[in-house]
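For the sequence shown, full-length UniProt numbering assigns the number 1 to the initial residue and increments by one for each residue that follows. The structure under discussion appears below in the form of structure tokens.
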Amino acid sequence: MLAAERRAHIVARAREEGAVQVARLVEELGVSHVTIRRDLDALVDERVLDKVRGGAMLRGGAEAASASAPQRFTGSIGLIVPTSYYYRHVAAGVSAALRRRGGEMKLVVSEYDLDEELRLLDEFVRDGIDGLLFAPSIQLDDDHRPLRERLDSVRVPVVLVERTLPGSGLGGPSTVRSAHEQGAVGAVRHLLDLGHRRIVMISRGRTQTADLVRAGWADAIGQARLGRDALLLGADDLGSGPTWNPGAVELVLDRLREHRATALFCHGDENSLLTLIHRARSAGITVPDDLSIIAYDDEISALADPPLSAVAPDREAVGSLATRLLIDRIDDAGEPSAPLHVHVEPRLRIRASTVPPAR
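Printed below as a string of structure tokens:
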């Protein structure tokens with residue numbers, strides 16, 4: 001995140017709450033105390049903030065904060081998501097934003113059924129919802145025009161969450177999503193920086209998130225000119241169900257040996273990945289001495305033996321930012337404005353499972 005983006009976030013938070021605390025900003029923005037203090041010093045020099053113990057407050061104190069703070073939101077927003085597993089963190093971010101701004105959330109889960117999602121959308125609108133956060137069950141290469149036309153006809157503001165509508169032209173709904181392709185590039189570059197060249201990726205998902213992760217993988221290996229040194233194992237190899245097909249762990253181990261891989265990048269399926277690590281150890285392949293592993297997602301990676309390096313999408317930030325944007329759209333419903341498309345960069349957490357290759 002650039003300094004200008006951090007400082008805009010700090011000012012927005014100060015306007016919402018009247019003051020900001022260094023410790024909270026460090027947690028929200030994922031930077032050091034020193035960086036936040038420098039940002040606060042710059043905003044004090046610009047006469048935007050006044051320094052106080054542990055943070056800063058909007059210049060002019062409580063009166064200025066009250067004048068510039070957004071009005072409390074008293075309506076309700078709907079949240080339609082395909083699964084509770086991934087999106088519970090998004091929902092937590094939505095709830096956190098509503099605690100600050102007011103209003104209530106109505107959450108429904110569709111189990112990856114687009115027709116059901118559109119039915120729920122209509123139901124929410126009939127029930128008088130003020131705005132909608134929506135994660136439709138679509139993939140990158142779908143024809144998005146029918147969905148775009150449907151969303152254009154909805155009479156309440158809509159913000160897409162963890163989704164995008166490529167190729168649908170100008171206009172359309174605003175979007176807030178994780179920059180999954182950047183997260184994948186970061187994971188591959190971490191392995192490349194350690195000296196790995198023979199890298200295998202596992203990604204079985206048939207979702208837009210999986211599409212974006214694989215797009216980042218393809219971009220990174222293309223830039224590095226890995227060619228046949230890189231191998232992707234997908235749904236055709238391991239199955240597309242909730243868990244790997246029977247025998248899939250042994251198939252992965254066979255492919256790792258055949259490919260002479262020194263590193264593995266695994267998107268999703270953390271439980272199966274832990275099983276793979278255990279079976280690999282039994283087969284004489286140790287992590288990280290023989291095989292470095294980095295996971296995409298960080299639900300249980302830190303609990304593995306050894307703890308796994310991981311890409312961690314900030315899903316709560318996605319939910320919070322999407323909610324704030326939606327409420328702004330609701331408040332400004334009579335004033336058409338250009339759609340906004342916000343990408344939240346994941347964090348790369350380096351742990352004991354990634355080291356330079358032994359050979």
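Note that CB positions come from ideal geometry on N, CA and C, so glycine has one too.
Hey, out of V188, R204 and S203, whose CA is closest to R197's CA?
For the purposes of this step, residue 197 is taken as the residue at position 197 of the sequence shown. Checked all of V188, R204 and S203; the closest Cα to R197 is V188.
Apart from the five residues just before and just after G186, which ones in its own chain have a Cβ nearer than 6 Å to its Cβ?
Start at 1 with the first residue of the sequence shown, and residue 186 comes out as number 186. Correct list, in chain order: L348.
Which residues in the same chain as R279 place their Cβ atom closer than 8 Å to its Cβ, once the five residues preceding and following it in sequence are excluded?
Position 279 of the sequence shown, counted from the first residue, corresponds to residue 279. Cβ within range, chain order: V249, E250 and L253.
Are L49 and I36 closer than 8 Å when you measure CB to CB?
Your numbering for residue 49 matches position 49 in the sequence shown. Your numbering for residue 36 matches position 36 in the sequence shown. Their beta carbons are not under 8 Å apart, which means L49 does not touch I36 by this criterion.
On a CA-only basis, which of R100, G55 and G171 is nearest S320? Give me that one, please.
Working through the sequence shown from its first residue, we reach residue 320 at position 320. Of R100, G55 and G171, the residue nearest in Cα terms is R100.
How about residue 374 and P356: are their beta carbons less than 8 Å apart?
Here the chain comprises residues numbered 1 to 359, so residue 374 is not present and cannot be evaluated.
Over the uninterrupted alpha helix (DSSP H) stretch that includes G222, give me the two end residues.
Looking up residue 222 in the sequence shown gives position 222. Where G222 is concerned, the enclosing alpha helix (DSSP H) stretches over Q208 to Q223.
Run through DSSP, which three-state label would Y112 get?
Here the question's residue 112 lines up with position 112 in the sequence shown. Note: Y112 maps to coil in three-state DSSP.
Hey, quick one: how far does the beta strand (DSSP E) through S84 stretch, first residue to last?
Within the sequence shown, residue 84 is the residue found at index 84, counting from 1. That residue, S84, is in no beta strand (DSSP E); its alpha helix (DSSP H) goes S84 to R101.
Taking the alpha-carbon positions, what's the A91 to E316 distance?
Reading the sequence shown from its first residue, position 91 is the one you call residue 91. Reading the sequence shown from its first residue, position 316 is the one you call residue 316. Going by the C-alpha atoms only, they are around 7 Å apart.
Tell me whether F73 sits in a helix, a strand or coil according to DSSP, three-state version.
Along the sequence shown, one-based indexing puts residue 73 at 73. In this structure, F73 counts as coil in the three-state DSSP scheme.
Of all the options R214, P173 and D152, which has the alpha carbon lying nearest to the alpha carbon of Q182?
For the purposes of this step, residue 182 is taken as residue 182 along the sequence shown, with counting starting at 1. The candidate whose alpha carbon is nearest that of Q182 is R214.
In chain order, what residues of the same chain have a beta carbon less than 6 Å from the beta carbon of S32, not counting five sequence neighbours either side?
Residue numbering aside, residue 32 sits at position 32 when the sequence shown is read from its first letter. Result list for S32: empty, nothing under 6 Å.
Let me make sure I understand the geometry here. Which of G93, I129 and T175 has the alpha-carbon closest to that of P339?
The residue you call residue 339 lines up with position 339 of the sequence shown. When each option's Cα is compared against that of P339, the closest is T175.
Select from T209, R324 and A263 the residue whose C-alpha is nearest the C-alpha of D297.
On the sequence shown, position 297 is the one that residue 297 refers to. The residue with the shortest Cα to Cα distance from D297 is T209.
Between the alpha carbons of L133 and Y87, how many angstroms are there, rounded?
For this step, residue 133 is matched to residue 133 along the sequence shown. For this step, residue 87 is matched to residue 87 along the sequence shown. Distance between the alpha carbons of L133 and Y87 is about 12 Å.
Does the Cβ of P313 have 16 or more other Cβ atoms within 10 Å, making it buried, or fewer, making it exposed?
To locate residue 313, count along the sequence shown from 1; it is residue 313. Buried, since its Cβ has 16 or more Cβ neighbours within 10 Å.
Say whether chain B places a C-beta atom closer than 8 Å to the C-beta of R329.
Of the chains in the structure shown, none is chain B; there is only one protein chain.
Since L274 contacts A304 with CB under 8 Å, what's their CB separation in whole angstroms?
The sequence position of residue 274 within the sequence shown is 274, counting from 1. The sequence position of residue 304 within the sequence shown is 304, counting from 1. Confirmed, about 6 Å.
Give the list of continuous alpha helix (DSSP H) stretches no shorter than 4 residues that lie fully inside the region 239-287.
Segments of the alpha helix (DSSP H) lying fully in the region 239-287: 248-259 and 270-282.
Closest to W244 by CA distance: which of I330, C266, A230 and A3 is it?
As a working note, residue 244 is residue 244 in the sequence shown. Answer by Cα proximity: C266.
Please list the terminal residues of the continuous alpha helix (DSSP H) segment that includes I330.
For the purposes of this step, residue 330 is identified with residue 330 of the sequence shown, where counting begins at 1. R315 to D331 is the span of the alpha helix (DSSP H), which, as asked, contains I330.
Determine the burial state of G167: buried for a count of at least 16 other Cβ atoms within 10 Å of its Cβ, exposed for fewer.
On the sequence shown, position 167 is the one that residue 167 refers to. When all chains shown are included, G167 counts as exposed.
How would you write the range of the alpha helix (DSSP H) that T35 sits in, first residue to last?
For the purposes of this step, residue 35 is taken as residue 35 along the sequence shown, with counting starting at 1. That run of the alpha helix (DSSP H) goes H33 to D45.
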